[in-house]
Amino acid sequence: MMAREAAWRIFPGELTASTIERKGNDEKSPTYVLSPLGAMINRVMIAGVLTEVENKGSEDEPLWNGRINDPTGNYYISVGRYQPEAAATMATLETPSLVAVVGKVRTYTSNDGRVFISIRPERIVNITEEERYAWMLDASKSLWERLLNIKKALSDPNASVDSLKQMGFDDHDAESITMALDTYGVPDSSRYLKIIQTALRFLLPNNEVDFGLPENESDIPDEIDIPNNSLKSSDFGNDAESKEDIILRILQELDNDSRGVPVDEIKRRAEAEGITETEVEELSSALMDKGLVYEPNLNYLKII
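As numbered in my numbering, residues 22 to 325 make up the sequence shown, in order.
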């Protein structure tokens, strides 16, 4: 029996940039999606806020599409009759809700030639905030390791499978990194450092997380401070009520019918707390970027 592929912890920014599919010569060989950083991906584990669910099929034969929001971007999932457990779960999930998904990745090409990534879930479960934090830490560490491997590989201007193996890479990593560099070229390290930075800023909002953005690959720092997995939800935030906390409190107090709160009403209440209209707009955008609030309708906000 063929062993099941490990599920990569990967952020949307790297996954959506992965446009190349590779399949082994054997008919039963799995299909992989190659990332610009050399991840050879068959399965993933992702986590975030399920913000959209839609049945594109019928009641008898549903085809569920969904969007999952992460502070660094969005994932898109598609569930049909060949994923019965996941399809049954999709029919019962509420939006918004925190979920984790394990599934296989596939590319598809639009009529205009653009390549998109979709995830076909094998399993979908609700998770807690602490489980989400743990996933984000794992994904950050995984991405950081791939960045360091790319930096190491680029230290050889004529990098090949053999030369990377001599550097200490195993056969799999040497082949996948070489293939990624040959296919995509040298990746933009600042793009991926920014993803890690955004994730850590979400996890540790009271810390000044700032890596600086390198001009080229040789400027990737040798170390960054990624916290360990002992973080708890009580570690996030501070005792003083921040302006973001005030906006969240206002939303919680005013959303009596669970349909969201008009932005104009939020601005009126926030003004009494010493927050200007411009600040409300900036704070609202920041909270949406962090995956804490969303727009259920135009000019409405709602807590996730």
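Where a beta carbon is used, it is the ideal one built from N, C-alpha and C, also for glycine.
These numbers come from a predicted model, not from an experiment.
Using CA atoms only, rank isn't needed, just tell me which of the options is closest to residue i.
i	options	result
D285	A38, K162, N63, T299	T299
E265	T204, P283, D310	D310
L272	V123, L322, E151, T130	L322
T52	G124, R289, R153	G124
I1	K162, L308, D194, R280	With the chain represented from 22 up to 325, any question about residue 1 goes unanswered, as that position is not in the structure.
L221	G189, F32, M157	M157
A109	N95, W85, S131, Y96	W85
R167	D203, K49, S56	S56
K173	S161, L58, I148	L58
S163	G134, L304, L214	L214
I98	T72, D81, E80	T72
Are residue i and residue j touching if we call contact CB-CB under 9 Å?
i	j	result
G312	I325	yes
V100	P117	no
A38	R212	yes
M61	R88	no
A201	R144	no
V65	V126	yes
G281	N318	yes
I267	E294	yes
How would you label residue i, buried or exposed, when you count the other beta carbons within 10 angstroms and need 16 or more for buried?
i	result
N90	buried
Q218	buried
M111	buried
V70	buried
Q187	exposed
P178	exposed
L224	buried
E35	buried
A27	exposed
R102	exposed
S210	buried
S197	buried
P142	buried
Quick check on residue i: does DSSP put it in helix, strand or coil?
i	result
I148	coil
D91	strand
R270	helix
R64	strand
K253	Residue confidence for K253 is low, a pLDDT of 40 falling below 50, so the modelled location carries little weight; the figure read from the coordinates is stated next. Correct three-state label for K253: coil.
S184	helix
Y103	coil
V314	strand
E196	helix
L55	strand
T297	coil
A27	coil
S263	coil
A112	coil
E73	strand
P117	coil
N227	coil
V207	coil
K215	helix
Among residues of its own chain, excluding the 5 on either side of residue i, which ones have a beta-carbon nearer than 6 Å to its beta-carbon?
i	result
T40	V136
V230	Q218, L221, R222
Keeping to the same chain, check which residues put their C-beta closer than 8 Å to that of residue i; ignore five residues upstream and five downstream.
i	result
E292	E298
T93	F32, P33, G34, I216, T219, A220
G189	none
A307	E265
N320	P283, V284, D285
Cutting at 7 Å between CB atoms, please list the residues of its own chain near residue i, excluding the five before and the five after it.
i	result
Y129	F137, S139
V146	V120, A121
T199	A180, S181, V182, L185
N250	Since pLDDT at N250 reaches only 47, below the 50 mark, its modelled position is unreliable, and no value is offered.
How about residue i: is its C-beta nearer than 9 Å to some C-beta of chain D?
i	result
I198	The chain labelled as chain D is not found in the depicted structure, where only one protein chain is given.
For the ligand MN, is there any heavy atom lying closer than 8 Å to the beta carbon of residue i?
i	result
R64	Among the components of this structure there are no ligands whatsoever, and the ligand MN is therefore not found.
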